[in-house]
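One structure is given here, and the rest of the page talks about it.
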Amino acid sequence: MDMWSFFSTCLVSLWLHRLYVYSAVAFGVSIWIVIQFSTSKPQEKVTEHGEKPTGNPASSEGIEDKVVNGCATLQRKEVYVAGVKIFYGSQTGTAKRFARALAEAVISLNVPVEVISMGDCDPDDCLLEEVGRNIDRWLWMLSASRIMTRAEGDCNVAQSEHGSIEADFEAWKAKFLSRLQALCRGEKKPCGGKCKKGKCKSPGKQSRESSDHEHGVSEYANTEAEELFESSSEEEADAEEAGGSSSVLDVEDLGKIMRHVKEAKRERELEEGGVGMRLTQENAGRKEEGGKREMITPALREALTKQGYKLIGSHSGVKLCRWTKSMLRGRGGCYKHTFYGIESHRCMEATPSLACANKCVFCWRHHTNPVGTEWQWKMDQPEMILQEAIESHQNMIKQFKGVSGVQAARFEEAMTAKHCALSLVGEPIMYPEINRFVRLLHQHSISTFLVTNAQFPDEIRNLEPVTQLYVSVDASTKESLKRIDRPLFKDFWQRFLDSLKALSEKQQRTVYRLTLVKAWNVDELKAYADLISLGKPDFIEVKGVTYCGKSSASNLTMANVPWHEEVVHFVQELANLIPDYEIACEHEHSNCLLIAHKKFKINGEWCTWIDYDRFQELVRAQEQSGGSQTFTAADYAARTPHWALFGSRERGFDPLDVRHQRKNKARDISGC
Numbered sequence: 008m009d010m011w012s013f014f015s016t017c018l019v020s021l022w023l024h025r026l027y028v029y030s031a032v033a034f035g036v037s038i039w040i041v042i043q044f045s046t047s048k049p050q051e052k053v054t055e056h057g058e059k060p061t062g063n064p065a066s067s068e069g070i071e072d073k074v075v076n077g078c079a080t081l082q083r084k085e086v087y088v089a090g091v092k093i094f095y096g097s098q099t100g101t102a103k104r105f106a107r108a109l110a111e112a113v114i115s116l117n118v119p120v121e122v123i124s125m126g127d128c129d130p131d132d133c134l135l136e137e138v139g140r141n142i143d144r145w146l147w148m149l150s151a152s153r154i155m156t157r158a159e160g161d162c163n164v165a166q167s168e169h170g171s172i173e174a175d176f177e178a179w180k181a182k183f184l185s186r187l188q189a190l191c192r193g194e195k196k197p198c199g200g201k202c203k204k205g206k207c208k209s210p211g212k213q214s215r216e217s218s219d220h221e222h223g224v225s226e227y228a229n230t231e232a233e234e235l236f237e238s239s240s241e242e243e244a245d246a247e248e249a250g251g252s253s254s255v256l257d258v259e260d261l262g263k264i265m266r267h268v269k270e271a272k273r274e275r276e277l278e279e280g281g282v283g284m285r286l287t288q289e290n291a292g293r294k295e296e297g298g299k300r301e302m303i304t305p306a307l308r309e310a311l312t313k314q315g316y317k318l319i320g321s322h323s324g325v326k327l328c329r330w331t332k333s334m335l336r337g338r339g340g341c342y343k344h345t346f347y348g349i350e351s352h353r354c355m356e357a358t359p360s361l362a363c364a365n366k367c368v369f370c371w372r373h374h375t376n377p378v379g380t381e382w383q384w385k386m387d388q389p390e391m392i393l394q395e396a397i398e399s400h401q402n403m404i405k406q407f408k409g410v411s412g413v414q415a416a417r418f419e420e421a422m423t424a425k426h427c428a429l430s431l432v433g434e435p436i437m438y439p440e441i442n443r444f445v446r447l448l449h450q451h452s453i454s455t456f457l458v459t460n461a462q463f464p465d466e467i468r469n470l471e472p473v474t475q476l477y478v479s480v481d482a483s484t485k486e487s488l489k490r491i492d493r494p495l496f497k498d499f500w501q502r503f504l505d506s507l508k509a510l511s512e513k514q515q516r517t518v519y520r521l522t523l524v525k526a527w528n529v530d531e532l533k534a535y536a537d538l539i540s541l542g543k544p545d546f547i548e549v550k551g552v553t554y555c556g557k558s559s560a561s562n563l564t565m566a567n568v569p570w571h572e573e574v575v576h577f578v579q580e581l582a583n584l585i586p587d588y589e590i591a592c593e594h595e596h597s598n599c600l601l602i603a604h605k606k607f608k609i610n611g612e613w614c615t616w617i618d619y620d621r622f623q624e625l626v627r628a629q630e631q632s633g634g635s636q637t638f639t640a641a642d643y644a645a646r647t648p649h650w651a652l653f654g655s656r657e658r659g660f661d662p663l664d665v666r667h668q669r670k671n672k673a674r675d676i677s678g679c
């Protein structure tokens, strides 16, 4: 009780004098705050380039940065950085890796940072609200292959919404970036390699090379990160001539700098006596093999292998078509089965050249293959390519042995390839020994369906007879062809027209292949009709574009895929403009129709199918006669069954097979 009385007395005393207690506590807190402020270090400042300032801060305060041709001088202004946003546009991941590395460096400076893919950012949806936030540094990192392309034969900035990236940046600056300080980081070497004598060659590793300087596109998108800064004294001199030694360029000055580099190259080539002219394929074929590189780099090999390719040698490949798998199970064949009578389970999809001269917006390979305008790689022999292609194809077929639904009879037939679709990827006709390769296929009794993008007219003229020769006609005007196919040649339109003229000289079966892309090339009917009168093809395949998923290389969506009824309507209108042709066949499953020349309608019946045995006899007879005994497309035509005709109840589906509807499965978009 005495102890309780003592504590109660103390508590009462504190309560009565609580005002003095509160005052003492407040005074103590104030003293602590003053001490903390007086002993804490001043906030560290960071320059615009992420470096800590040196020397006397007062002496550098108020000094403005000077920029010459997009390159900052050594004079820098001290600024406080509230936050950083890094936007990257990457095709193969190089810019993405550098963006993340830069973000880690910024984080080490205790500055908030965010890394954003430009493909996931719609400026009209998000940038306006982002501008008002506490972010005052935005950086843009673009790989050279993303910002550079050949336009009218010069190293110009890629076409985009406002006509060019320069125009885009101007529009963005006015609309979104007027209150921000933004930096665009591009690759130092516009062509990705050392341009000498008209050719782009890297001084270092062979996996880092580029295509012709005239189009300024990195031939290999699979650039190794550590090779990005490889350069030569010649390149550095060009950069200095263009206006500065720094590799940081303002995108607004990019076009001007590229023109300076181009002019410097041309002057040097003139001094050397014009030795910068492009080598022809014939000269390239005579060039010493030891001085050439392989087309398939390790990075490219890894990317294509993941996509299911079986790579052959240094520039060829084979892949199992989804229609081969489908027909093995008795679930129907591809449109070539409907239109021309091929056996899809016995068709080998291959290519002797993975390289291409176009970068089409609808390419289902997402541009993982290299690009180029001529053959400049090591060359494998056609005998080796064919042997390994057949072996790889058979090994892929063997994997279906015992698989549920696979028909035993068709499995046995599939082990012997009867058809070869030279349409896997790239430009097969670029292969210098394409004629020998075709002859070898015919000697193995394998039919040949060769597809070209109409950029090699001389090769088309020199091509020996194939079962069926395709030319992709993806647009009917120069502007739309440039926008859709994105060709690398500066004279792409003349090459396109010359290729169609060369096609008209062929005696064997020829085909135009039209790929309809809604809102891109479906309103040019009269122009298409003019092109048909120029090339006089035997057949015209019209197919709706296949959506191949989201890709950094293309901005197509499902909205660009036409419905089958829309394709039918287009074909009907086109047929009305070409009186010598009629709609012959339909394959609804592939969203594809066939327009055929009336000469294949014999006695009121369509004969679009192919007598493959007869074709092999004709080819052997021509070869044995030394080319004196020729033949035409009509010599190996066969009657088309009723179920393949346009307007039939089957809509092009073989009644011997059973239609299979997939449920809750990812769509397989592979196949020709």
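Numbering follows my numbering, with no gaps: position 253 of the sequence shown is 260.
Heads up, the beta-carbon is just placed ideally off N, CA and C, and yes, glycines get one too.
For threonine 61, collect the residues of the same chain with a Cβ closer than 8 Å to its Cβ; drop the 5 residues on either side in sequence, then sort them by chain order.
Below a pLDDT of 50, predicted positions are generally treated as unreliable, and threonine 61, at 43, falls in that range; the measurement from the model is reported next regardless. Hits under 8 Å: none found.
Across which residues does DSSP place valine 378 in a beta bridge pair?
In DSSP, valine 378 forms a bridge with Cys363.
Drop a sphere of 10 angstroms on the beta-carbon of arginine 353, count the other beta-carbons inside from all chains shown, and report buried for 16 or more, exposed for fewer.
buried
According to DSSP, which residues form a beta bridge with isoleucine 617?
Ala644
contact_flag[the segment 620-639, the segment 561-579] where n(CB pairs < 8 Å) is 3 or more
no
Quick check: the segment 337-346 against the segment 302-316, are there 3 or more CB pairs under 8 Å?
No, they do not touch.
Short check: CB of valine 473 to CB of leucine 361, under 8 Å?
It is not a contact, given that the beta carbons lie outside the stated cut-off.
On the three-state DSSP scale, how would you describe tyrosine 27?
helix
Candidates Val91, Trp330, Ala534, Lys550: closest to histidine 667 by CA position
Among Val91, Trp330, Ala534, Lys550, the Cα nearest to that of histidine 667 belongs to Trp330.
For alanine 526, which option in Arg658, Arg490, Ser45 has the closest C-alpha, if you only look at C-alpha atoms?
Arg490
Take asparagine 562 and list the residues in its own chain whose beta-carbon comes closer than 8 Å to its own, dropping the five residues that flank it on each side.
Val368
Given leucine 470 as reference, the closest of Gln450, Ala482, Glu440, Val480 once Cα atoms are compared:
Glu440
Tell me, please, whether the segment 603-613 touches the segment 646-657 by the rule of three or more beta-carbon pairs shorter than 8 Å.
Yes: the two stretches touch, three or more of their Cβ pairs being nearer than 8 Å.
For histidine 604, which of helix, strand or coil comes out of DSSP?
Histidine 604: strand per DSSP, three-state reduction.
Can you give the Cα-Cα distance for proline 544 and glutamate 121, rounded to whole angstroms?
55 Å
Residue nearest to valine 552 in terms of C-alpha spacing, selected from Ala31, Phe546, Met565, Asp465:
Checked all of Ala31, Phe546, Met565, Asp465; the closest Cα to valine 552 is Met565.
Can you round the beta-carbon distance between asparagine 365 and arginine 468 to whole angstroms, since I take them to be within the 8 Å contact cut?
About 20 Å separates the two Cβ atoms, so there is no contact after all.
Spatial neighbours of arginine 516 within its chain, please: CB distance less than 6 Å, with the 5 preceding and 5 following residues excluded, ordered by chain position.
Gln475, Asp545, Ala640
Out of curiosity, what's the CA-to-CA distance linking valine 524 and alanine 591?
22 Å
Going along the chain, which residues of its own chain have a beta-carbon closer than 7 Å to the beta-carbon of glutamate 593, five neighbours each way excluded?
Leu600, Phe653, Arg658, Gly659
Arginine 520 and tyrosine 477: beta carbons closer than 8 Å?
yes
Taking the C-alpha atoms as reference points, what is the distance between glycine 77 and leucine 146?
Annotation note: pLDDT 42 at glycine 77 (below 50); position unreliable, coordinate value reported separately. If you take the alpha carbons of glycine 77 and leucine 146, they lie about 14 Å apart.
Between glycine 659 and chain C, is there a C-beta pair that is closer than 8 Å?
No chain C appears in the structure shown, which is made up of a single protein chain.
At least three beta-carbon pairs within less than 8 Å, the segment 375-384 to the segment 500-514:
no
With burial defined as no fewer than 16 other Cβ atoms inside 10 Å of the residue's Cβ, what is the status of glycine 96: buried or exposed?
buried
Delimiting residues of the alpha helix (DSSP H) encompassing serine 768
Outside the shown range of the chain, which is 8 to 679, sits residue 768, and nothing can be said about it.
The beta strand (DSSP E) with glutamate 548 in it runs from where to where?
Its beta strand (DSSP E) spans residues 546-551.
Going along the chain, which residues of its own chain have a beta-carbon closer than 8 Å to the beta-carbon of serine 430, five neighbours each way excluded?
Glu356, Thr358, Phe456, Leu457, Val458, Tyr477, Cys679
Please look up how many angstroms separate the CB atoms of leucine 448 and leucine 504, rounded, as I've assumed it's under 8 Å.
Not really, about 29 Å apart at Cβ, beyond 8 Å.
How long is the line joining the alpha carbons of alanine 628 and methionine 334, rounded to whole angstroms?
33 Å
Output the residue ranges of the alpha helix (DSSP H) runs that lie fully inside the segment 413-464 and measure 4 residues or longer, sorted by chain position.
415-421, 441-450
Under the rule that 16 or more other beta-carbon atoms within 10 Å means buried, what is cysteine 370, buried or exposed?
Cysteine 370 is buried by the Cβ-count criterion.
Hey, serine 575 and glutamate 548: beta-carbon distance below 8 Å or not?
Checking the displayed sequence, the identity of residue 575 turns out to be valine instead of serine. Against a cut-off of 8 Å, the Cβ pair of glutamate 548 and valine 575 comes out as no contact.
Element boundaries [beta strand (DSSP E), containing valine 120]
120-124
Comparing C-alpha positions only, which one of Ala33, Pro435, Gln406, Lys92 sits nearest to phenylalanine 463?
Pro435
Would you check if the distance between the CB atom of aspartate 661 and the CB atom of histidine 344 is smaller than 8 Å?
Taking 8 Å as the cut-off, the beta carbon of aspartate 661 is found closer than this to the beta carbon of histidine 344.
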